[in-house]
């Protein structure tokens, strides 16, 4: 038989008396019996749906370290100036299942970089070996695939609709612990200039993010994925209330390209510029104090074909406001080659829109290490030799790198590989990818001279 409220208050009074409280003070405390229960606000129902889609990732591999041999040992014993050592490593991180049928798992590139073996552990304890389908170092995104049944996936939300002050929840596996949940708000949008990655357009949050959270999920209160947790900002790598996540829209653009092509085919607009500040706004006589100022438009680029001009101020990309030039660059770079983009600009004090179709960045400029390890340290662009013939121009060479050691120099123009003609970067990449030869001979034009460079 249920006790009456009067009986409960009497019992409460007795308990309070033994603790030094008066009966009258005790009676003032709220007390609910079975017939007075009220459901407390909780994130638990949402998390029960979301958490099975967040996984733990463990990796194993080897890292190559180069150690310089002291001069005295080379003098007495001879041998090379440098020794290469391979050291095993293990690492932990988090990931998010975004497609249950295909077994697609998204994580950070730095979690699985150089890994020889990747293991994904689900919240129910099951473990699976994962295959890396592709990754993008510049944006720190990687796509894995596992073969498993009965998976749960997170729905992907439109991260551009997030606002400062929206509540968010971070789910991951910090410090190798099992799933951990922290909550907070969106502290800022479009964060860049942090020198964390190549392309930066982060969601900033005060939800606690610690080591091991990398690759985990940032979700809204509906349990939808709005970001991939990727970095923390703290003196010792610990949480100080400033964490960063890759927006879900940026992640989805990159993952779709990896799933289709096995790599990111980055879009290219073809402009240089800077952030809009008060000085630029005053000089141009405009009220805009945010956006991307166009300093130069590359000839024959997507920007020129779309009608962009120097002195334009880009304020929106596909209807979404811009905060900085770097944010714009990150948004454009995450879109695939051939993507149609609507840019809102201010020209001569008037607002208008222009439509552009992005070029393929791989056709025009690449870090050569992505093409062949022996070319590490070189930056390649489409160019012409002194006779006006198309080729692959060496724009920059970093000293003491493999590219410098094989003899490449700035302004060299690569016109052939193993006697096959190449006229642009994408052809050069394809020739090296298709070649099964252990030794490659590059035909080089250096000024008016012709020479050959051998890479192994």
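Residue numbers (mature numbering (1 follows the signal peptide of the UniProt record, and there is no 0)): -27 to -1, 1 to 429.
For each residue, glycine too, the CB sits at the ideal point set by N, CA and C.
In this text, all values refer to a predicted model and were calculated from it rather than measured experimentally.
Simplified DSSP state of residue i, which is helix, strand or coil
{"i": "residue 375", "result": "helix"}
{"i": "residue 183", "result": "coil"}
{"i": "residue 13", "result": "coil"}
{"i": "residue 232", "result": "helix"}
{"i": "residue 402", "result": "helix"}
{"i": "residue 252", "result": "helix"}
{"i": "residue 89", "result": "strand"}
{"i": "residue 109", "result": "strand"}
{"i": "residue 30", "result": "strand"}
{"i": "residue 191", "result": "strand"}
{"i": "residue 282", "result": "coil"}
{"i": "residue 323", "result": "strand"}
{"i": "residue 227", "result": "helix"}
Beta-carbon proximity list for residue i, same chain, < 6 angstroms, skipping 5 on both sides
{"i": "residue 239", "result": "306 and 334"}
{"i": "residue 155", "result": "143, 180 and 181"}
{"i": "residue 2", "result": "Low local confidence applies: a pLDDT of 49 at residue 2 is under 50, so the model's placement there is unreliable, with the coordinate-based value given in what follows. Cβ within range, chain order: n/a, list empty."}
{"i": "residue 197", "result": "128 and 130"}
{"i": "residue 266", "result": "246, 247, 249, 253 and 286"}
{"i": "residue -7", "result": "For residue -7, the pLDDT reaches just 43, beneath the cut-off of 50, and the residue's location in the model is therefore unreliable, leaving the point undetermined."}
{"i": "residue 385", "result": "367, 417 and 419"}
Residue nearest to residue i in terms of C-alpha spacing, selected from the options
{"i": "residue 108", "options": "101, 102 and 117", "result": "117"}
{"i": "residue 331", "options": "345, 344, 314 and 341", "result": "314"}
{"i": "residue 158", "options": "422, 192, 93 and 165", "result": "192"}
{"i": "residue 392", "options": "129, 114, 398 and 426", "result": "426"}
{"i": "residue 216", "options": "245, 189, 224 and 222", "result": "189"}
{"i": "residue 174", "options": "112, 139, 123 and 125", "result": "112"}
{"i": "residue 136", "options": "398, 231, 178 and 312", "result": "178"}
{"i": "residue 71", "options": "26, 397, 381 and 267", "result": "26"}
{"i": "residue 508", "options": "203, 141, 106 and 294", "result": "Because residue 508 is not part of the residues shown, which for the chain are -27 to 429, the question remains open."}
{"i": "residue 283", "options": "293, 292 and 272", "result": "272"}
{"i": "residue 403", "options": "341, 371 and 378", "result": "341"}
{"i": "residue 274", "options": "311, 303 and 65", "result": "311"}
{"i": "residue 372", "options": "349, 160 and 360", "result": "349"}
{"i": "residue 280", "options": "260, 258 and 319", "result": "319"}
{"i": "residue 65", "options": "232, 78 and 94", "result": "94"}
{"i": "residue 316", "options": "309, 424 and 326", "result": "326"}
{"i": "residue 278", "options": "96, 161, 328 and 304", "result": "328"}
{"i": "residue 232", "options": "387, 104 and 293", "result": "104"}
Residues bridged to residue i (per DSSP)
{"i": "residue 100", "result": "94"}
{"i": "residue 35", "result": "61"}
{"i": "residue 177", "result": "161 and 217"}
{"i": "residue 80", "result": "115"}
{"i": "residue 422", "result": "419"}
{"i": "residue 355", "result": "365"}
{"i": "residue 239", "result": "309"}
{"i": "residue 245", "result": "269"}
{"i": "residue 386", "result": "366 and 418"}
Cut-off 8 angstroms between Cβ atoms - residues of its own chain near residue i, not counting five sequence neighbours on either side
{"i": "residue 120", "result": "76 and 101"}
{"i": "residue 389", "result": "395, 415 and 416"}
{"i": "residue 345", "result": "405, 413 and 428"}
{"i": "residue 261", "result": "249, 254, 286, 288 and 319"}
{"i": "residue 163", "result": "174, 175, 295, 296, 297 and 300"}
{"i": "residue 292", "result": "315 and 317"}
Counted within 10 angstroms of its Cβ, other Cβ atoms place residue i as buried (16 or more) or exposed
{"i": "residue 30", "result": "buried"}
{"i": "residue 153", "result": "buried"}
{"i": "residue 18", "result": "exposed"}
{"i": "residue 138", "result": "exposed"}
{"i": "residue 412", "result": "exposed"}
{"i": "residue 60", "result": "exposed"}
{"i": "residue 150", "result": "exposed"}
{"i": "residue 63", "result": "exposed"}
{"i": "residue 256", "result": "exposed"}
{"i": "residue 13", "result": "exposed"}
{"i": "residue 87", "result": "exposed"}
{"i": "residue 299", "result": "buried"}
{"i": "residue 401", "result": "buried"}
{"i": "residue 230", "result": "buried"}
{"i": "residue 15", "result": "exposed"}
{"i": "residue 423", "result": "exposed"}
{"i": "residue 80", "result": "buried"}
{"i": "residue 421", "result": "exposed"}
is_contact[residue i, chain C] using C-beta, thresh 7 angstroms
{"i": "residue 308", "result": "Absence of chain C from the displayed structure is noted, only one protein chain being present."}
Close Cβ partners of residue i (< 7 angstroms) along its chain, the five nearest in sequence each way excluded
{"i": "residue 222", "result": "131, 132 and 133"}
{"i": "residue 200", "result": "132, 176, 191, 218, 219, 220 and 221"}
{"i": "residue 397", "result": "336, 355, 363 and 365"}
{"i": "residue 263", "result": "249, 295 and 296"}
{"i": "residue 301", "result": "265, 287, 290 and 295"}
{"i": "residue 322", "result": "258 and 259"}
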